[in-house]
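Read in order, the letters of the sequence shown correspond to residues -3 to 71 in the numbering used here.
For glycine and all other residues, C-beta sits at the position ideal for the given N, C-alpha and C.
All values reported here derive from a predicted model rather than from experimental measurement.
One structure below.
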Amino acid sequence: MLDIKRTIENLIGIKVTEDFKNDVICAFDTSEKEIIVSEDESNQHIDYQAYENDEDSPIICIRIENEEIVEAWEA
């Protein structure tokens, strides 16, 4: 079962590299489901969204500064 608090803690500090999406997926270490990571181009305060590929799964919003995740929260 997904532990949102732990996942958010795991996300903070991840660097934006060519493996960024895989690194974000690894932060969801308490989930057994497929994780979707997508850029959010419609909201200027959210750079990425990540969530389990399951109906009614919580969405985690991710904000990047200086090529690093500085903030993550449940939408």
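### Query
Under three-state DSSP, which class holds residue 66?
Numbered from its first residue, the sequence shown carries residue 66 at position 70. Three-state result, residue 66: strand.
### Task
On the DSSP bridge assignment, give the partners of residue 35 in chain order.
Walking along the sequence shown from the start, residue 35 turns up at place 39. For residue 35, which the question treats as bridged, DSSP gives the partners 44.
### Message
Quick check on residue 29: does DSSP put it in helix, strand or coil?
### Response
Counting from 1 along the sequence shown, the entry for residue 29 is found at position 33. Note: residue 29 maps to coil in three-state DSSP.
### Message
For residue 57, tell me which candidate among 43, 50 and 63 has the shortest Cα-Cα distance.
### Response
Residue mapping note: residue 57 aligns to position 61 of the sequence shown, counting from 1. Restricting attention to 43, 50 and 63, the CA atom closest to the CA of residue 57 is found in 43.
### Query
Exposed or buried, which one is residue 63 when buried takes at least 16 other CB atoms within 10 Å?
Position 67 of the sequence shown, counted from the first residue, corresponds to residue 63. Using a 10 angstroms sphere on the CB of residue 63, the tally of other CB atoms stays under 16, which defines it as exposed.
### Query
Three-state secondary structure (DSSP) at residue 5?
The residue you call residue 5 lines up with position 9 of the sequence shown. Three-state DSSP puts residue 5 in a helix.
### Query
Which residues does DSSP pair with residue 61 in a beta bridge?
Within the sequence shown, the letter at position 65 stands for residue 61. For residue 61, which the question treats as bridged, DSSP gives the partners 64.
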